[in-house]
Amino acid sequence: MNKGELVAAVADKVGLSRGQAGDAIDAAIEAITGALKQGDEVKIVGFGTFVVTNRAAGEARNPRTGEKVKVAASKTPKFRAGAGLKDAVNAK
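Numbering (this note's numbering), first residue to last: 40 to 131.
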């Protein structure tokens, strides 16, 4: 499912126009992104948790030349699925 398909599904489920559903999804993504930028975690009960983790600096290897390359430390967003989502995915 891509974003367009998600917008269509939300619009049909809630009874909004596709434009309104797209705006709602964009607003939700912006809110989650803003919270993660500030270092907060976003918990959606029954779905999961978005968190930011620190990735340590290290070394990588250029596959073409075999040369070692330094990789800077960075922050990366991660998602941990909640029990409700796991149960829904594993339901028989």
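Beta carbons are placed, not taken as given, at the ideal position from N, Cα and C, and that holds for glycine.
Given the structure is predicted, the values throughout are model-derived calculations rather than measurements.
- Annotated as proximal: I71 and V81, with beta-carbon spacing under 8 Å.
- The C-alpha of G121 lies about 42 Å from the C-alpha of T104.
- Judged by DSSP in its simplified three-state form, V84 adopts coil rather than helix or strand.
- For G123, the uninterrupted alpha helix (DSSP H) run begins and ends at 122 to 129, by DSSP.
- Minimum Cα-Cα distance from N101 among the listed residues V128, G61, V110, N93 corresponds to V110.
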